[in-house]
Amino acid sequence: MASHLLSLLIWLPIVGAIVVLAFGRQANTARWLSLGVALLTFVVSIPLWTGYQTAVGGLQFVEHLSWIPALKANYALGADGISVALIVLTTFTSVLVVLGSWGPIETRVSQYMAAMLALEGFLIGVFAATDALLFYVFFEGMLIPMFIIIGIWGGPRRVYATLKFFIYTFLGSIFMLVGLIYLHMKTGEFSLASFAQLSLSTKEQGWLFFAFLIAFAIKVPMWPVHTWLPDAHVEAPTGGSVILAAIMLKVGGYGFIRFSLPITPDASQEYAWVVIAMSLIAIVYIGYVALVQEDMKKLIAYSSIAHMAFVTLGLFIALALVRTHGNPAGARLAVQGAMVQMISHGFVSGAMFSCIGVLYDRLHTRQIADYGGVANVMPWFAAFMVLFAMANCGLPGTSGFVGEFMVILAAFQDSPLIALVAAFTLIIGAAYTLWLVKRVVFGEVGNDKVAKMKDLDAREWIVLGAFAIAVLALGVYPKPLTDLMEPAVQQIVQSLTLAKA
Amino acid sequence: MPLSKTLLLTIVLAPLFGAAVAGLFRRQVGRVGAAGVTIAGVALSCALSLHVLYQLAWGGAPVFNENLYTWFQVGPFGAHVGFLVDRLTAMMMVVVTFVSLMVHIYTIGYMAEDDGFQRFFSYIALFTFSMLMLVMSNNFLQLFFGWEAVGLVSYLLIGFWFKRPSAIFANMKAFLVNRVGDFGFLLGIAGVLYWFGSLDYAQVFQNTLGDAAATQTVEIFAGHPWHVATIVCICLFIGAMGKSAQVPLHVWLPDSMEGPTPISALIHAATMVTAGIFMVARMSPLFELSETALSFVLVIGATTALFTGLIGVVQNDIKRVVAYSTLSQLGYMTVALGVSAYAGGVYHLMTHAFFKALLFLGAGSVIVAMHHEQDMRYMGGLKKYMPITWITMWLGSLALAGAPAFSGFFSKDAIIEAVGESHRFGAGYAYFCVLAGVFVTALYSFRLLYKTFHGPERFVVDAHHGHGHADHGDDHHEPGHLAHAPHESPWVITLPLVLLAIPSVLIGWFTIGPMLFEGWFGGAIRVAEQNDVLTELGHEFHGPMAMVLHGFTQAPFWIAFAGFAVATYIWLFNPGLTERTKSALRPIYDVLVNKYWIDELYQALFARGGIALGRGFWKAGDVGLIDGAVVNGSAAVVGRVSATVRWLQSGYLYHYAFAMILGLIALLGGLWWIAQAAP
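Listed below in structure tokens is the structure:
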């Protein structure tokens, strides 16, 4: 059965971007066109979820075309449950980003929208590529629109932020490229499946592991290579922040799943403690740093880092569980937890940045001190903000709980002490989130400017409402998502049991 | 008749439906609609809960234990949402829905002039839903859901008047302190899954029966084997310490009085704070495995029972007296759990729910009458203005103080005797604490009554003030000045008082026999034979009348009577004496009025300490080291290198040629070296 669904999903937004550039001279035309493209892409992505056969599992919607025959590089696409989940997250979020950028972006609308759509296409490409070179092209490609988005529509320090963002991530991907070239030399091709089957010595795996670690740790980002993220977020326009937090960070976690774990399992096992330690430091250290931030966006950016640490923690706990405890059931829980955390963080961080965007559009400041008592004038907004804050605290019934809960349960099976440190997020996460809410949302009206703020308009209502539904749905009933990913997770855990050296 | 899934779902969802309608469509349904739909929902829940209780107790219905749906299924591990309804659950359901219904009705009067009327009803209905989910759960996951959901609603309700700085500080504090408890609780749940192989109650309790469960140890720190049951139970109990406000996590409960009084009655006295007690009773098969954990429970509970009660004696805010009393009574319940008298703890939970809700609602009635004055120093002599409130509060206080034949007498005496009977480590200390606590309880209870309802009036009614009530803010006039005379509250307020007074007085008499001594709870509570103090006591139980008569000859009665006598002497007959006592006992008074300086300690250590730590990490770590030294530092290095390289790019061909040759040599040399090194 030949399916071109994945190609369609990749190229629809990219072609859409060109169309928007061509015909979007009028700002409103550009907006409606982009919304149409984003919506269409989302609709097209639905059959991906409904059509993925969990009973069969494995890669589906496979496409294969020869691309650079000399290098045996192929235009090869395919999706398992993990890819499907991330692609649908991307198409869903993109619609909301286009809607959310409706009013706030007033200059060069068509270019902004085009950059967003191109970014969407590249991101879907990253999640769908089964050829390492193709993956790399999309992986690098998505830097360009993001670079443009921050660099043109960003805040006053956008040049510093955008350069820092670009150089940091580019530096990381160079290491990955070297690793890929080495693997290509060994296998003669670029398919991820061939890399995974390749037998590698411990030493080779070690080098490759660190090459991948640098690339993906920067992307996630993990402590201590996280400092580009707060700066990028602070300067990025709201839509850029939402896409960055909700989707782009996930590429890092996805990379660990597709590269580090299957290609270098033995080295991953050997150095799992490094990643686990980095994750735990991120949870505690970054939590404290988030507590004292005075800029709302920085606070949520730091909170993102702490939450993404659960992704890396889960993935490498899984390895430890399989390899040292012989506990594949616990490992599956850990990988599922990491994956659910990725999807959930997409919703929650996207929603939080959207909330901050709503405030920013009204007062043009992100300083916490400039707000206070917003609930008095914006009751609906306050309700949404409190809901998303609770999701950020990992309250059961919201999506934020599910992944963290699974990861902590699994971590306990590796070591109760690791679980103890990880569970500290319950306290520190609640502390920084609720303190933010207290200072921004509650209290007497902070100043005259706050007094004049208007509650959500219809467009903002739709954006926050859609996020709210997603956050609650995943929190109340995560089974459809875990069922979708279960075959892929099982396969990953299965592959971890096999030593390659 | 067996219980049906539909029936139980209706009980849970009716309040949720009310909450959704009142919250989301508050404009459309208006005040009457919001109150109507939530009260109808809770009333339905209450009626059906009574039906469930009847079916389980007399109708011969079997215990209901079924999953509703699967939350997720990962490999062999499934997480479900489901109900376990046995007599323990049914009792909790009735207590929760009944008190909730009373509070709903009361709220019509109490919040009549508040702008957030609909929002309030939405929250308390949502609370009822969450609490029902908690008590009806058949697994740890859903328990945790309910646990956190009631915490969320508590957060929203303490901060209900979100303009008040004190309220939004208190709600954040409550949430965070509870999170410290939940931190332990979650680890306990993780331990349950790991060591007992499931999150399902039935499965876990089944697995506790094996010999391995009691003896299995783990070395978290090398060389120190710990019993897994001890670790799990202490972790779970840390959760209970947060939710049920046990020392040292008790600090949030007094501050929670910032919330409107109806929720103090519902959440912070009758139901939510007792979730920890219920949870430990529910987990009795686990706790029975660990003598150490039970001793821990016992000592914490005893400390809470005595030392928080003492603070209540020096409080002047009427609600805070009741709040400290609640802390102390929660300590009593915990003590009961600690001596394996789980049924005794749960029994006191039930009687306490009625009389403490009554006392809070009575205090609220007084506060309304005093136009939102809460300071007892400006009250006095109110009995002639509000006789119903006065009488019902007396009944509630008598029950609280353990006057013979009142409900509190039966439940508290049973706990004290159970502690006396126990030989567990810490039981001696606990026995002292609970006996001394009886004196303290009588002291603050009657002090409250005398200062509020008796003696001279310590307020003036300013005749010249016009009509119109003050807002629900703190903006009343000078202390002790009222715009018009106090008055009895409307019937929506007094009716719940009367309806709560009835069980406060009577319920003990009718239930003590079956619930405590005749194994009414059946399999819901499991006690190891050698720990079963209640059965021991049961041998000496010959009906409520005999227990009352016997009570007159026992120490607790006379200790309580002494408290009553001292309170009467000081606060009724010699009000001047308090000042003299205060200065004579200055050091003790200072310690108590400052609440042992625990708040100050936490503020310095955790709040300011946390912020200082965060600043340190941020400025020294992120800004200084990572960005300053490494990132921007390497950027500076690149800058310098490129300056050098710019110098190299001289434009002279021979420079380039020379560089190429050097490069080629380096490359070849490198390749040669690699070739040599390779085997």
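Each protein sequence line maps, in turn, to chains A and B.
Quick note on numbering: the first sequence equals residues 2 to 502 in our numbering.
Quick note on numbering: the second sequence equals residues 89 to 767 in our numbering.
For glycine and all other residues, C-beta sits at the position ideal for the given N, C-alpha and C.
Would residue i be called buried (16 or more neighbouring beta carbons within 10 Å of its own) or exposed?
i: Phe1 of chain A; result: The structure shown does not extend to residue 1 of chain A, since chain A is modelled only from 2 to 502, so the question has no answer here.
i: Leu96 of chain B; result: buried
i: Ser202 of chain A; result: exposed
i: Ile306 of chain A; result: buried
i: Val160 of chain A; result: exposed
i: Asp81 of chain A; result: buried
i: Leu91 of chain B; result: buried
i: Thr216 of chain B; result: buried
i: Leu755 of chain B; result: exposed
i: Gly561 of chain B; result: Its pLDDT being 43, under 50, Gly561 of chain B is placed unreliably by the model, and nothing is read from it.
i: Met186 of chain A; result: exposed
i: Gly476 of chain A; result: buried
i: His555 of chain B; result: Note that His555 of chain B scores 47 on pLDDT, short of 50, meaning its location in the model is unreliable; the coordinates nonetheless yield the value given after this. When all chains shown are included, His555 of chain B counts as exposed.
i: Gly611 of chain B; result: exposed
i: Met89 of chain B; result: exposed
i: Thr391 of chain B; result: buried
i: Leu292 of chain A; result: buried
i: Arg465 of chain B; result: exposed
Would residue i pass as a contact of residue j if the rule is Cβ separation under 9 angstroms?
i: Trp642 of chain B; j: Asp501 of chain B; result: The question names Trp, yet the displayed sequence has Gln at residue 642 of chain B. A contact, by the Cβ cut-off of 9 angstroms.
i: Asn259 of chain B; j: Ser286 of chain B; result: no
i: Pro417 of chain A; j: Val306 of chain B; result: yes
i: Leu118 of chain A; j: Gly17 of chain A; result: yes
i: Thr399 of chain A; j: Val349 of chain A; result: yes
i: Lys455 of chain A; j: Met379 of chain A; result: yes
i: Ile69 of chain A; j: Thr91 of chain A; result: no
i: Gly79 of chain A; j: Leu7 of chain A; result: yes
i: Ser242 of chain A; j: Lys204 of chain A; result: no
i: Val96 of chain A; j: Leu34 of chain A; result: no
i: Ser304 of chain A; j: Ile287 of chain A; result: yes
i: Gly484 of chain B; j: Gly543 of chain B; result: no
i: Arg1 of chain A; j: Met114 of chain A; result: Within the shown structure, residues of chain A are numbered from 2 to 502, placing residue 1 of chain A beyond reach of any answer.
i: Cys115 of chain B; j: Ala145 of chain B; result: First, the amino acid is wrong: residue 115 of chain B is Arg here, not Cys. No.
i: Val323 of chain A; j: Leu214 of chain A; result: no
i: Glu154 of chain B; j: Trp249 of chain B; result: no
i: Val110 of chain A; j: Ala28 of chain A; result: yes
So who's on the other strand from residue i, going by DSSP bridges?
i: Tyr154 of chain B; result: According to the sequence as given, residue 154 of chain B is Glu; it is not Tyr. Paired residues: B:Phe171.
i: Glu624 of chain B; result: The partner list for Glu624 of chain B (beta bridge, DSSP) is empty, contrary to what the question assumes.
i: His65 of chain A; result: A:Ala77
i: Asn227 of chain B; result: B:Asp288
i: Gly166 of chain B; result: B:Gln161
i: Gln368 of chain A; result: A:Asp296
i: Ser313 of chain B; result: In the sequence as presented, Ser is not what sits at residue 313 of chain B; that position holds Pro. Paired residue(s): B:Glu307.
i: His569 of chain B; result: B:Val548
i: Ala1 of chain A; result: A question about residue 1 of chain A goes unanswered here, because the residues of chain A that appear run from 2 up to 502.
i: Ser495 of chain B; result: In DSSP, Ser495 of chain B forms no bridge with anything.
Q. Using a Cβ cut-off of 7 angstroms, which residues of the segment 264-282 of chain B contact any Cβ in chain A, in chain order?
A. Those would be Leu264, Arg267, Val268, Asp270, Phe271, Leu274, Leu275, Ala278, Gly279, Leu281, Tyr282, in chain order.
Q) In chain order, what residues of the segment 437-448 of chain A put their CB closer than 7 angstroms to some CB of chain B? A) Lys439, Phe443, Gly444, Glu445
Q) Taking Cβ-Cβ distances below 7 angstroms as the criterion, which residues of the segment 308-334 of chain A are in contact with chain B? A) Ala330, Arg333, Leu334
Q. Mind listing which residues of the segment 144-173 of chain B have their C-beta closer than 8 angstroms to chain A's C-betas, in chain order?
A. Tyr157, Thr158, Trp159, Phe160, Gln161, Val162, Gly163, Pro164, Phe165
Q. Below 8 angstroms, can you find three or more Cβ-Cβ pairs linking the segment 315-329 of chain B to the segment 264-275 of chain B?
A. yes
Q. Does the count of Cβ pairs from the segment 230-240 of chain B and the segment 134-146 of chain B closer than 8 angstroms reach three?
A. no
Q: Determine which residues of the segment 280-304 of chain A have a Cβ less than 7 angstroms from any Cβ of chain B, and write them out in chain order.
A: Flagged, chain order: Tyr286, Tyr289, Val290, Leu292, Val293.
Q) Using 8 angstroms as the Cβ pair cut-off and three pairs as the minimum, do the segment 522-540 of chain B and the segment 406-414 of chain B touch? A) Yes, they touch.
Q.
For the pair the segment 213-224 of chain A and the segment 306-324 of chain A, tell me if three or more CB-CB distances fall below 8 angstroms.
A. yes
Q.
Does the segment 627-639 of chain B come into contact with the segment 594-604 of chain B, if we say contact requires no fewer than three beta-carbon pairs (one atom in each stretch) closer than 8 angstroms?
A. yes
Q: Say whether the segment 12-32 of chain A touches the segment 121-140 of chain A, bearing in mind that this needs 3 or more beta-carbon pairs closer than 8 angstroms, one atom from each stretch.
A: yes
Q: Identify each residue in the segment 239-257 of chain B for which the Cβ-Cβ distance to at least one residue of chain A is less than 7 angstroms, and report them in chain order.
A: Listed by position along the chain: Leu240, Gly247, Phe250, Lys251, Pro253, Ile256.
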